[in-house]
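S.K.: Take a look at this one; I'll ask things after.
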RNA sequence: GCCCGGGUGGCGGAAUGGUAGACGCAGCGGACUUAAAAUCCGUUGGCCGUAGGCCGUGAGGGUUCGAGUCCCUCCCCGGGCACCA
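Numbering (the numbering used here), first residue to last: 24 to 937.
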């Protein structure tokens with residue numbers, strides 16, 4: 024046997040053998056438990072995989088391999104998220120059709136995944152762009168439609184002028200297109216939506232039932248944004264001082280406008296989470312798009328109408344980025360109308376302002392500047408009253424107290440003129456003032472009492488609002504799943520019958536999107552012209568579904584990927600679902616994971632699946648960073664927004680003085696030129712070395728820094744395993760299992776077996792809990808320990824031979840998930856048959872793993888002073904005696920009185936003395 | 001601003017409230033070699049030293065016989081959200 028790791032001699036051969044043996048074909052043996060391990064559905068990019076991408080595939084593979092060896096039926100599939108913008112954009116750039124391009128890229132991905140030895144069942148693979156797959160994506164669309172969860176709405180959408188498509192809210196980051204960074208515009212186009220909002224509460228509640236990182240759960244809860252409050256109605260009037268008045272208040276700076284009509288105009292509803300602050304309401308605000316504005320315009324004079332319209336126009340022209348710019352100064356205009364506060368009948372001016380969003384709540388608010396920072400800023404700018412309705416506590420007042428001022432005085436000042444107190448008091452503590460019969464209540468009491476008041480008065484009710492918006496699914500693009508809808512001559516949509524599925528994506532020459540917002544499909548007559556369900560002339564929907572639709576159910580299809588008669592056999596889905604362990608990057612925390620959960624819940628409600636949550640356990644891997652050269656800008660060069668250095672190519676960096684360079688750890692990406700491919704890593708170090716390195720270098724969730732030295736370390740470790748195996752090989756007894764129980768332990772056999780069983784236990788636990796770094800560390804420790812034990816062992820005793828055989832076999836088997844090529848190579852060199860993958864995962868024997876001697880730490884007053892070697896299980900009082908007898912302890916307790924002795928069995932003795 | 005993560009040797013990182021620094025990288029010393037690489041053996045938190053001791057897990061308090069670990073306050077780094085009423 025070779026005594027070092029020489030991957031080029033055996034790795035590719037083993038991969039061939041695995042393939043020939045169809046080793047990773049999913050087994051569906053009903054007598055066994057199932058384990059479904061899944062990686063996020065990757066989009067196959069032209070750049071191929073980097074070693075960074077391997078960082079989730081390797082750990083999932085390790086877990087799945089162990090589960091299989093433990094006797095589970097393992098489903099470990101892989102496919103490709105082929106539809107969508109990235110593929111289409113790349114195809115347009117390369118002037119090639121996306122379909123063959125994607126096939127080629129997917130092939131490369133598969134080759135790369137195979138190269139690093141990932142044990143996928145490729146017989147179950149598919150691409151989301153396969154008609155046999157998207158047929159069922161369309162079928163699910165129909166199910167949603169039939170359940171009233173897919174609807175069409177003429178809506179203002181986020182429009183990316185560069186990608187020429189509508190974007191979901193989640194694809195707009197800071198007003199920019201997430202993909203290309205172009206400022207997003209608004210356009211009104213009829214769009215298809217999925218009613219995810221209907222499931223908002225369930226999507227929050229069921230997070231409690233899954234084993235996900237708390238951070239991701241928090242992100243989702245935050246995104247769904249539940250808030251409890253009260254929605255109530257306020258009447259409006261056009262006079263400040265009661266009927267029949269004409270002019271607005273003089274003190275509000277809003278006079279000088281004639282009111283054309285004084286009739287009771289209408290009413291509007293507001294949503295607030297702080298009904299307890301209603302007595303502090305000094306104005307109200309409508310979103311510029313609020314429908315009531317139209318009514319108001321009919322009742323105010325022309326000058327005001329033009330002011331309102333000018334403001335509405337400017338609000339509309341603002342891009343989301345500008346509108347949401349941080350710390351932007353508040354803008355708005357007075358409408359000429361007043362709202363009547365139902366709590367005290369005060370009339371307060373009604374404004375329109377773009378800091379109120381039409382899309383949330385009712386698109387209208389009651390403004391309480393004393394206790395809301397946004398309202399405060401608005402009030403200050405427009406000279407409106409700031410009336411506190413909560414007495415602040417001392418914590419709030421302290422910073423405002425003047426030199427030597429009594430806080431009572433500060434409070435009096437505050438209550439007199441809160442306008443100078445910035446930032447505002449959030450009124451979560453303190454008691455109510457200026458609130459009639461509610462005075463003296465806490466926030467909690469006031470909220471309940473005033474909610475009751477609103478409900479009793481029948482002008483509103485307690486309500487829960489969510490930030491979550493419905494899921495915009497339409498894309499005006501070619502490369503996506505066609506929406507299975509036909510419109511009749513009146514423009515009414517209907518879904519196509521099941522036997523007309525799939526609505527095939529036509530093969531076209533020109534698939535570039537039009538810049539008028541029309542899908543390329545709309546120019547293909549044969550596609551557009553269709554027949555309605557009642558045989559009439561129809562027009563086919565030409566938008567396609569956004570890519571997230573396709574990835575919202577692929578995990579179900581993997582359970583039954585070749586079914587032509589249905590999306591899946593319910594029995595198969597019942598068997599395999601949920602995914603037991605789902606592994607991927609945290610960047611999909613809200614989008615994909617929320618959509619997939621939503622579809623699963625809908626399908627559950629339809630009785631099509633019997634899980635409410637698709638992914639029982641979720642794990643997010645860290646990224647792989649590469650050291651990348653940057654430099655400071657030269658004279659005359661300017662940096663882009665958010666950049667603090669200029670990227671330098673590795674080529675140029677070689678010729679630059681080291682002082683000018685600034686090396687940084689950044690994520691591997693093609694654009695940074697810092698990618699290491701699996702091919703390079705495998706060629707230089709070997710596939711198992713890559714696997715070991717990525718597992719060992721840091722905890723799974725953490726980012727890691729790519730290092731050639733680290734790879735070298737993995738190679739060294741594997742070589743030590745080979746050397747150990749080659750040393751044990753002459754004494755290896757394949758039959759050790761049947762002999763070891765009846766052989767009397769001798770020599771170092773007990774120590775060897777202890778090391779073996781400690782490792783088995785550690786490996787099993789650590790893999791289960793994704794602690795791969797300590798799993799590999801334990802393997803290294805075991806190799807080192809066995810090496811030490813074998814030192815000077817010229818001719819091992821019978822017991823030692825058997826113990827070493829057990830040790831070597833266990834080591835190889837337990838290392839097989841991490842280093843499968845090497846494990847199989849060593850296993851076969853030891854005379855083993857078949858593949859390590861087919862061997863049983865060993866069970867640790869706790870008795871054998873137990874130490875017979877333990878080291879007891881002896882402390883005096885909590886400081887380590889001595890250690891004792893004692894037999895395991897030594898009684899507490901014996902430990903105490905031994906500790907007190909220690910010379911070192913005596914020297915530290917000399918002249919002191921021993922007050923207490925604390926004994927932790929098998930661990931430590933602490934002598935407390937003073 | 002709000003919500004999540006994190007701050008431990010020269011570096012990556014280990015440590016159910018119980019001997020801080022497992023394991024690895026880098027370094028140092030040695031063996032092998034004509035020499036080097038590779039490999040192997042030893043060593044490696046800092047300070048003072050003969051023994052031995054003192055100090056050490058971002059900072060400061062606290063709980064405890066005992067704190068990297070639990071509690072409070074603060075600082076720094078990374079990520080997410082951000083006018084959501």
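In this text, a Cβ means the ideal position worked out from N, Cα and C, and glycines have one as well.
Keeping to the same chain, check which residues put their C-beta closer than 6 Å to that of residue 201; ignore five residues upstream and five downstream.
M.R.: 194
S.K.: CB-CB under 7 Å to residue 885, same chain, minus the five flanking residues each way: which ones, in chain order?
M.R.: 933
S.K.: Look up residue 688 in the DSSP assignment and give the residues it is bridged to.
M.R.: 650
S.K.: Take residue 544 as the anchor and find which of 263, 503, 573 has the nearest alpha-carbon.
M.R.: 503
S.K.: Which complete alpha helix (DSSP H) runs does the region 384–470 hold, if anything under 4 residues is left out?
M.R.: Runs of the alpha helix (DSSP H) inside the region 384–470: 396–405, 417–420, 430–439.
S.K.: In chain order, what residues of the same chain have a beta carbon less than 7 Å from the beta carbon of residue 919, not counting five sequence neighbours either side?
M.R.: If we look at residue 919 and ignore the five residues flanking it on each side, its Cβ neighbours are 936, 937.
S.K.: Along the alpha helix (DSSP H) that carries residue 744, what are the first and last residues, could you check?
M.R.: Counting along the chain, residue 744 sits inside the alpha helix (DSSP H) bounded by residues 731–751.
S.K.: Starting from residue 552, follow its DSSP beta bridges and name the residues at the other end.
M.R.: 562
S.K.: By the DSSP assignment, the beta strand (DSSP E) with residue 301 in it spans what residues?
M.R.: Judged by DSSP secondary structure, residue 301 falls outside any beta strand (DSSP E); it is assigned neither H nor E.
S.K.: Going by beta carbon distance, what residues of the same chain come within less than 7 Å of residue 244, once the five residues before and after it are set aside?
M.R.: 227, 230
S.K.: Name the two residues that bound the continuous beta strand (DSSP E) containing residue 292.
M.R.: 290–295
S.K.: Could I get the ranges of all uninterrupted beta strand (DSSP E) runs contained in the region 26–72, with 3 residues as the minimum, in chain order?
M.R.: 57–62
S.K.: Please report the residue range of the beta strand (DSSP E) in which residue 861 lies.
M.R.: Neither: residue 861 is in no beta strand (DSSP E) and is coded neither H nor E.
S.K.: Given a cut-off of 8 Å, decide if residue 724 and residue 639 are closer than it, judged by their beta-carbon atoms.
M.R.: no
S.K.: Three or more C-beta pairs closer than 8 Å, one from the region 850–868 and one from the region 828–838: is that the case here?
M.R.: yes
S.K.: For residue 876, count the other beta carbons within 10 Å of its own beta carbon; 16 or more makes it buried, fewer makes it exposed. Which is it?
M.R.: exposed
S.K.: Use the C-beta contact count for residue 585: other C-beta atoms within 10 angstroms, 16 or more gives buried, fewer gives exposed.
M.R.: exposed
S.K.: Only counting runs of 3 or more residues, tell me where the beta strand (DSSP E) segments fall wholly within the region 202–271, in order along the chain.
M.R.: Counting only runs of 3 or more, we get 208–217, 249–260.
S.K.: What number of angstroms, rounded off, separates the C-alpha of residue 224 from the C-alpha of residue 596?
M.R.: 25 Å
S.K.: So residue 947 and residue 319 are in contact, right, with Cβ under 8 Å, and what is the actual spacing, rounded?
M.R.: Past the edges of the chain, shown from 24 to 937, lies residue 947, and the structure says nothing about it.
S.K.: So, do the region 475–489 and the region 126–146 have three or more beta carbon pairs nearer to each other than 8 Å?
M.R.: no
S.K.: Taking 7 Å as the limit between beta carbons, can you name the residues of its chain near residue 599, skipping five residues before and five after?
M.R.: For residue 599, where only same-chain residues beyond five positions count, the Cβ hits under 7 Å are 57, 59, 98, 582.
S.K.: For the beta strand (DSSP E) that residue 517 lies in, which residues bound it at each end?
M.R.: 516–518
S.K.: Whose C-alpha, out of 705, 816, 728, is nearest the C-alpha of residue 34?
M.R.: 705
S.K.: Is residue 83 closer than 8 Å to residue 836 when the C-beta atoms are compared?
M.R.: The answer is no: Cβ separation not under 8 Å.
S.K.: Check whether the region 463–473 touches the region 429–438, counting contact only when three or more Cβ pairs, one atom from each stretch, lie closer than 8 Å.
M.R.: no
S.K.: Quick one: what does DSSP say residue 273 is sitting in, helix, strand or coil?
M.R.: Note that residue 273 scores a pLDDT of 37, beneath 50, so its modelled location is shaky and nothing firm can be said.
S.K.: From the DSSP output, which residues share a beta bridge with residue 485?
M.R.: 253
S.K.: Answer with buried or exposed for residue 205, where buried requires no fewer than 16 other C-beta atoms within 10 angstroms of its C-beta.
M.R.: exposed
S.K.: My output table needs one value for residue 510: the three-state DSSP class, helix, strand or coil.
M.R.: strand
S.K.: Only counting the same chain, and skipping five residues up and downstream in sequence, which positions put a Cβ closer than 8 Å to that of residue 148?
M.R.: 100, 101, 102, 103, 133, 584
S.K.: Can you say whether residue 922 is buried or exposed, counting buried as having 16 or more other CB atoms within 10 angstroms of its CB?
M.R.: exposed
S.K.: Between residue 812 and the rest of its own chain, which residues show a CB-CB distance below 8 Å, the 5 nearest in sequence each way excluded?
M.R.: 771, 774, 775, 778
S.K.: I need the straight-line Cα distance from residue 357 to residue 517, nearest angstrom please.
M.R.: 45 Å
S.K.: In the DSSP assignment, find the unbroken beta strand (DSSP E) run with residue 892 in it and report its ends.
M.R.: Where residue 892 is concerned, the enclosing beta strand (DSSP E) stretches over 886–894.
S.K.: Would residue 828 and residue 769 be called neighbours here (beta carbons separated by less than 8 Å)?
M.R.: Between residue 828 and residue 769, the C-beta spacing is not below 8 Å.
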